[in-house]
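In what follows, a single structure is set out as structure tokens and then discussed.
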Ligand SMILES: Cc1ncc(C[n+]2csc(CCOP(=O)(O)OP(=O)(O)O)c2C)c(N)n1
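In the numbering used here, the protein residues as written are 977 to 1061.
What follows is the structure, given as structure tokens:
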């Protein structure tokens, strides 16, 4: 999904739920670097934006469902992974 689609969702009042699963990497590309490029990791760690602030900027309302999880802080990458920067 792109950010412009977030604007469309708000503009057209589309009832949609969005779940973000953030592993902190371009995971598939990183896996190729791990398996086929001798773990030479380049440009695959991702700095995530503040997704809650991003949603607010587009005018998203917070979830009305009491059972839905609240916005979570970005999680640290798994300890076994190496950040180059
Ligand atoms: C427009 C475009 N550019 C590049 C790619 C190549 N590509 C395939 S998977 C991937 C990384 C995806 O990372 P992420 O969305 O974080 O998912 P993850 O692999 O971590 O689950 C990229 C760059 C693509 N599929 N489409």
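Cβ atoms here follow ideal geometry from the backbone N, Cα and C, with glycine treated the same way. Here the structure is a predicted model, which means the values were calculated and not measured.
Check: With respect to 7 Å, is the separation between the Cβ of residue 1002 and the closest non-hydrogen atom of ligand 1 below this value?; Outcome: yes
Check: If you draw a straight line from the alpha carbon of residue 1026 to that of residue 1017, how long is it in whole angstroms?; Outcome: 25 Å
Check: Give a single yes or no on whether residue 999 has its beta carbon closer than 7 Å to a heavy atom of ligand 1.; Outcome: yes
Check: Under 8 Å: do the segment 994-1006 and the segment 1019-1033 share three or more Cβ pairs, one atom per stretch?; Outcome: yes
Check: The alpha helix (DSSP H) with residue 1032 in it runs from where to where?; Outcome: 1027-1033
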